[in-house]
Amino acid sequence: MRANIAVPAALTFAVVDAILSTLPLGLYHAGWSFDANLIYKYLFFIDGYDFFTDPVDFAALSLVRIIVLVAGSFLWLFKKNELIRMLTMPVLGVAILCYSWVLVKLLALSENSEAIAWPGVWLSIVLTTLCSAGMVLIWYFVLAANHIPYERLVELAEGTTTASSTTANGAETTPEDPEKRLSTLAHIKRLLAYCGNEWQWFSTGFGFLLIYSAARVFIPFYTGQVIATIVQIKTISELMHSVLIMSGLTLVSTLFGGLRGACFDYASARVNRQIRLDLFRSLAHQDIAFFDVTKSGEMISRLTSDCQTMASTVAVNLNVFLRNGVMLIGALGFMFALSWRLALVTFIAIPIVGFITKWYGAYYDKLSERTQETIAKANQMAEEVLSTMRTVRSFACEDREVKRFKDHIDTTLAVNKKKAWAYLGYSWCNEFCDNAILVAVLFYGGHLVLSGHLSTENLIKFLMYQMQLGENLYNIGYVMTGLMESVGASRKVFEYMNRFPAIPFDGVQRPQVSGAVTLENVSFTYPSRPNNPVLKDFDLKIAAGETVALVGPSGGGKSSVVSLIQHFYEPTKGRVLLDGIPIKDISHWWYHQRISLVAQEPVLYDGSVRYNILYGCDWATEEDMQHAAKTANVHSFVERLEQGYDTNCGEKGVQMSGGQKQRIAIARALVRNPAVLILDEATSALDAESEALVQDALSKCAKERTVLIIAHRLSTIEKADRICVLEGGTLVQSGNHRELMRDRDGLYAALVKRQLLAVASSPTHSPIQPSPLAQMIADEEQQEKLVEIPPSTTTEKPF
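For the sequence shown, position 379 matches number 379 in the UniProt record's numbering, and the numbering has no gaps at all.
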């Protein structure tokens with residue numbers, strides 16, 4: 001808010017506060033006639049000061065509020081925005097103290113039966129309460145403006161996705177911006193919205209809860225009646241009457257309490273299911289760039305620990321809150337009916353307890369969020385180590401990894417230690433307030449009994465309700481702790497849920513494609529490395545049915561081309577087309593049924609061989625699967641397995657050899673009968689015999705579809721229709737093997753010779769029997785020399 005509005009608004013309210021707090025002093029007498037002399041009398045202590053009759057306290061409270069607003073205005077003018085934000089909670093504390101003092105003053109004035117009937121008394125009480133609330137609103141919405149404490153930015157761990165991300169076309173998107181500004185209350189509302197989806201079960205449980213609470217709320221009344229009967233030595237029939245009623249109430253509360261608990265527990269399980277499903281759905285539809293920078297262990301932690309914390313904590317605490325809330329309202333009703341004066345004593349402390357709970361809850365929220373982050377990091381580290389145990393064992397790093405995990409959980413323990421200290425302080429404050437209220441009620445209640453304003457029986461009943469009220473307030477405070485823990489766990493979960501993928505997969509076209517692939521003036525930069533361009537004005541046209549190999553040094557952009565064709569990313573410039581249609585306009589599911597990838601490191605799932613081959617192809621038949629398996633040379637080794645195609649591959653295919661995993665992955669790609677087949681070092685893990693068989697099978701398949709090969713083995717690429725050589729993100733050479741070998745200074749020839757030298761120096765290479773490719777190249781070079789060197793016309797003498 002602009003300075004010419006904020007400061008005048010605050011100062012104007014301060015003036016109004018002073019006027020409204022001063023004018024009622026002229027009505028501190030019987031009747032509604034205004035007496036200005038009374039204002040002078042009370043403000044200047046003409047007759048001294050009497051706590052039980054003088055209203056100058058209200059003017060003093062007004063002065064405190066004016067000082068707060070004037071100080072806030074000066075801080076605003078000097079741009080101390082951070083200090084204003086930090087002082088928001090203390091200002092709320094000042095308002096609560098004003099409210100509590102108003103109740104204390106009301107009790108003092110009620111000692112004088114004449115004073116309590118003065119109009120000025122009730123005007124002062126109402127106006128002081130309203131002005132205290134107004135002070136908080138002015139500070140919160142005018143002076144603090146955009147610096148209110150609950151609008152805090154979500155702290156992002158190093159290496160995680162940011163709320164503001166760069167899309168493939170270089171534009172800034174901030175899909176998480178709304179989430180970044182969600183307040184604690186907004187988080188709680190969203191969590192409760194999940195409970196609202198299960199309203200049938202929660203409503204049923206709430207119905208049982210009302211019956212349970214209605215029964216429970218009468219128990220203190222009859223308990224007090226039993227005690228009074230004993231103390232006053234009444235008849236046995238009166239005692240039995242009260243005990244029987246108490247027994248009936250206990251039976252009803254027990255029965256319906258169990259039904260209430262069952263409904264809320266089942267509803268909690270359904271909430272947990274829905275939260276986890278929504279989170280997994282959101283994660284499954286994220287773009288690949290998200291997974292490039294987000295650790296899998298962190299995501300698993302959000303799916304397990306955080307979702308469980310959110311669901312169980314919210315549902316359980318909703319149960320506890322409703323139960324204690326209903327009982328608290330009932331208790332307050334009885335307490336006001338028994339003695340409104342004693343009830344006001346309780347109300348003096350309740351706002352103070354609420355303020356302490358609020359302040360503690362904000363701090364506990366931060367600690368809970370930090371705890372979930374440390375747990376996520378520990379889970380990430382454990383998942384990484386346990387999934388690569390062979391590597392850990394081969395380097396004898398078991399103890400080292402145990403120490404790393406210990407360091408992570410020690411960090412979690414340190415945060416939990418802070419939570420324990422925070423809970424200690426909160427518990428002390430709560431216990432002190434509870435005992436202070438009890439002492440005050442006993443003292444003031446004794447005073448009312450002695451002065452004839454309250455009977456002994458009603459004081460006993462009131463004390464029983466006071467004890468129940470204390471228990472209800474304690475449980476509600478525990479609910480606040482649980483909710484803050486749930487809010488802390490929910491921040492990352494909702495951040496993931498709110499994140500919109502950079503690639504929306506909203507294409508709808510389902511064309512019949514022949515397999516022509518075009519990269520048109522494509523430039524590309526990985527979102528995680530925006531300052532390192534990978535492809536620069538790259539053009540590539542692959543005709544339908546053509547076999548094209550991509551070669552080049554590491555980092556040349558080969559895998560990036562495959563990623564773009566797979567639509568893992570969007571190019572920062574240019575287009576990727578399939579049969580002349582931009583791939584982003586084609587249905588995501590349809591597109592990936594027409595294009596298949598066999599990666600260098602195949603991924604198999606914990607399921608049967610059949611499940612892995614048919615993954616994503618629910619429409620495929622048994623014959624389709626076996627045909628693909630035979631083509632990929634899978635059928636031959638699967639037949640030798642005891643359970644055949646029902647043999648479990650194990651987690652990540654651990655039960656299969658490297659060559660077997662690769663062949664199953666090839667079969668999985670072929671079962672779709674794709675128009676475009678991408679082989680990213682697809683035969684690198686095969687032995688010589690299997691490679692020869694698969695190469696022969698792939699050669700047959702290549703006649704029917706477009707094939708894009710990325711390989712370093714020359715034996716894999718030499719038969720390609722065209723070889724494209726990439727370096728530094730650009731296409732530097734293109735042609736078949738023979739054409740490229742003629743350019744002796746070209747990159748392709750250099751790569752070939754380098755590989756031949758590596759093969760020749762290998763201990764497994766026989767110098768007597770050269771490789772077919774080496775022999776072919778040698779023959780080509782010899783023929784070229786014969787062509788280039790003209791026959792000699794003279795006879796030269798040898799050395």
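We treat Cβ as the ideally placed atom computed from N, Cα and C, and that holds for glycine.
Check the C-beta distance from residue i over to residue j and give it rounded, since I have them as a contact under 8 angstroms.
{"i": "residue 740", "j": "residue 717", "result": "Wrong, their Cβ atoms sit about 10 angstroms apart, outside the cutoff."}
{"i": "residue 502", "j": "residue 284", "result": "So it is not a contact: roughly 15 angstroms between Cβ atoms."}
{"i": "residue 437", "j": "residue 349", "result": "5 angstroms"}
{"i": "residue 840", "j": "residue 55", "result": "Any property of residue 840 remains undetermined from this structure, which presents the chain solely from 1 to 799."}
In three-state terms, what does DSSP make of residue i?
{"i": "residue 549", "result": "strand"}
{"i": "residue 778", "result": "Residue placement at residue 778 is poorly supported in this model, since its pLDDT is 49, which falls under 50; the coordinates still yield a value, given next. Reduced to three states, the DSSP call for residue 778 is helix."}
{"i": "residue 727", "result": "strand"}
{"i": "residue 674", "result": "coil"}
{"i": "residue 351", "result": "helix"}
{"i": "residue 735", "result": "strand"}
{"i": "residue 357", "result": "helix"}
{"i": "residue 705", "result": "coil"}
{"i": "residue 680", "result": "strand"}
{"i": "residue 511", "result": "coil"}
{"i": "residue 55", "result": "coil"}
{"i": "residue 475", "result": "helix"}
{"i": "residue 587", "result": "coil"}
{"i": "residue 608", "result": "strand"}
{"i": "residue 582", "result": "strand"}
Between which two residues does the alpha helix (DSSP H) harbouring residue i extend?
{"i": "residue 576", "result": "Residue 576 -> not in any alpha helix (DSSP H); beta strand (DSSP E) instead, spanning 573-578."}
{"i": "residue 25", "result": "Premise fails: residue 25 is in no alpha helix (DSSP H) and is neither H nor E."}
{"i": "residue 615", "result": "No alpha helix (DSSP H) holds residue 615; DSSP gives it neither H nor E."}
{"i": "residue 304", "result": "Here residue 304 belongs to no alpha helix (DSSP H), and DSSP marks it neither H nor E."}
{"i": "residue 430", "result": "398-450"}
{"i": "residue 187", "result": "184-197"}
{"i": "residue 128", "result": "119-138"}
{"i": "residue 103", "result": "88-110"}
Can you grab the Cα-Cα spacing for the pair residue i / residue j, in whole Å?
{"i": "residue 13", "j": "residue 114", "result": "33 angstroms"}
{"i": "residue 8", "j": "residue 66", "result": "13 angstroms"}
{"i": "residue 134", "j": "residue 80", "result": "22 angstroms"}
{"i": "residue 178", "j": "residue 484", "result": "Unreliable placement is indicated for residue 178, whose pLDDT of 40 sits below 50; the coordinate value is still reported in the next sentence. Whole-angstrom Cα-Cα distance: 20 angstroms."}
{"i": "residue 664", "j": "residue 512", "result": "27 angstroms"}
{"i": "residue 373", "j": "residue 562", "result": "35 angstroms"}
{"i": "residue 371", "j": "residue 493", "result": "14 angstroms"}
{"i": "residue 735", "j": "residue 566", "result": "24 angstroms"}
{"i": "residue 615", "j": "residue 668", "result": "7 angstroms"}
{"i": "residue 89", "j": "residue 359", "result": "7 angstroms"}
{"i": "residue 260", "j": "residue 26", "result": "55 angstroms"}
{"i": "residue 748", "j": "residue 575", "result": "27 angstroms"}
{"i": "residue 20", "j": "residue 69", "result": "16 angstroms"}
{"i": "residue 310", "j": "residue 369", "result": "12 angstroms"}
{"i": "residue 415", "j": "residue 499", "result": "28 angstroms"}
{"i": "residue 257", "j": "residue 212", "result": "6 angstroms"}
{"i": "residue 195", "j": "residue 269", "result": "11 angstroms"}
{"i": "residue 73", "j": "residue 60", "result": "20 angstroms"}
{"i": "residue 111", "j": "residue 497", "result": "59 angstroms"}
{"i": "residue 617", "j": "residue 672", "result": "7 angstroms"}
{"i": "residue 636", "j": "residue 666", "result": "14 angstroms"}
{"i": "residue 83", "j": "residue 107", "result": "37 angstroms"}
{"i": "residue 517", "j": "residue 548", "result": "11 angstroms"}
{"i": "residue 560", "j": "residue 524", "result": "8 angstroms"}
The beta strand (DSSP E) that contains residue i, what's its start and end?
{"i": "residue 523", "result": "517-525"}
{"i": "residue 235", "result": "From DSSP, residue 235 is part of no beta strand (DSSP E); its letter is neither H nor E."}
{"i": "residue 654", "result": "It is not in any beta strand (DSSP E) - residue 654 carries neither H nor E in the DSSP assignment."}
{"i": "residue 336", "result": "First-last for residue 336: 307-338, but that is the alpha helix (DSSP H), not the beta strand (DSSP E)."}
{"i": "residue 533", "result": "533-542"}
{"i": "residue 597", "result": "595-598"}
Is the Cβ of residue i closer than 7 angstroms to any Cβ of chain C?
{"i": "residue 753", "result": "The question asks about chain C, but that chain is absent: this structure has only one protein chain."}
Let me check you understand the geometry: is the CB of residue i closer than 6 angstroms to at least one non-hydrogen atom of the ligand MG?
{"i": "residue 367", "result": "Absence of the ligand MG from the depicted structure is noted, as is the absence of any ligand whatsoever, leaving it without description."}
Give a yes or no on contact between the segment 559-572 and the segment 528-547, applying the rule of three or more CB pairs nearer than 8 angstroms. yes
Within 8 angstroms, do at least three Cβ pairs link the segment 247-265 to the segment 195-213? yes
Would you call the segment 589-601 and the segment 633-650 in contact, with 3 or more CB pairs under 8 angstroms? no
The segment 462-476 contacting the segment 319-339, beta-carbon criterion three pairs below 8 angstroms: yes
Pairs of beta-carbons, one from the segment 291-300 and one from the segment 381-394, closer than 8 angstroms: are there three or more? yes
When the Cβ atoms of the segment 321-328 are set against those of the segment 399-411, are three or more pairs found closer than 8 angstroms? no
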